[in-house]
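According to our numbering, the sequence shown is numbered sequentially starting from 289.
All C-beta atoms in this analysis are idealised placements derived from N, C-alpha and C, irrespective of residue type, glycine included.
Read through the structure below, which is laid out as structure tokens, and then see the notes.
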Amino acid sequence: MATNLKNLSDYDIKKVPSAKNMKFGIVTAEWNEEITGALLKGAVNTLLKHGAKEENILRKFVPGTVELTLGGQFMAEYADLDAIILLGCVIQGETPHFDYVCQSVTHGMTELNLEHNIPFIFGVLTTSDLQQAQDRAGGKHGNKGDEAAITAIKMSQMQVEMENMKD
């Protein structure tokens with residue numbers, strides 16, 4: 289569904305499990321910092337709202353969106369986490385660079401999800417202009433960081449449920 293038809297921060301709170309015993313990693317791109325900082329704030333606040341402990345939210349920064357996947361891989365290899373959220377923002381410019389960055393991070397995120405046994409959550413805005421990014425980083429369309437945090441909680445819970453089916 290297109291973001292302009294749904295607020296990224298609207299969700300049924302009853303459908304979100306507790307994050308009390310979960311550990312999360314968040315890798316945030318420094319490029320477009322005004323936007324990515326707002327996404328990070330939204331994600332952290334949403335995790336805390338659902339019971340995650342401050343000390344169970346590992347935050348790291350990478351220079352740009354392309355570096356998110358390697359940052360996520362480092363987290364998966366060196367930290368004991370239930371889910372990793374990757375936050376970035378790519379704004380369309382005058383060159384095909386936008387397409388290469390978006391394709392690279394999307395492909396990299398898919399690879400991470402298939403190679404590691406934890407969820408990696410795509411929290412990357414890909415917009416035509418700065419206003420669209422602002423609208424999705426706490427503006428009129430909500431905050432993609434909130435949506436990413438809820439997805440991380442739900443996917444972590446799903447993994448626990450599936451692992452418990454083996455018993």
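Go through its chain and collect everything with a Cβ distance to residue i's Cβ below 6 Å, but skip five positions before and after it.
i, result
"Tyr299", "Ile438"
Going by the DSSP bridge assignment, what does residue i pair with across the sheet?
i, result
"Gly430", "Gly427"
"Val448", "Paired residue(s): none; Val448 is not in a bridge."
"Lys348", "Val315"
"Ile373", "Ile314 and Ile409"
Going by the CB atoms, is the gap between residue j and residue i shorter than 9 Å?
i, j, result
"Ile379", "Ala331", "no"
"Lys308", "Gly352", "no"
"Cys283", "Asn320", "Summary: the structure shown does not reach residue 283, with the chain confined to residues 289 through 455, and so no result is reported for it."
"Phe408", "Ala364", "yes"
"Gln361", "Leu328", "no"
"Gly325", "Leu346", "no"
How many angstroms separate the CA atom of residue i from the CA atom of residue j?
i, j, result
"Thr398", "Lys303", "25 Å"
"Leu358", "His429", "29 Å"
"Gly411", "Val315", "10 Å"
When DSSP labels each residue in this structure, what does residue i get in the three-state scheme?
i, result
"Ile323", "helix"
"Thr415", "strand"
"Ala331", "helix"
Tell me which same chain residues have a C-beta within less than 8 Å of the C-beta of residue i, skipping the five on either side of it?
i, result
"Ala421", "Asn320, Ile323, Cys377, Ile379, Leu413 and Thr415"
Please work out which residues of its chain come closer than 7 Å, Cβ to Cβ, to residue i, disregarding the five sequence neighbours upstream and downstream, and give them in chain order.
i, result
"Gly396", "Thr357"
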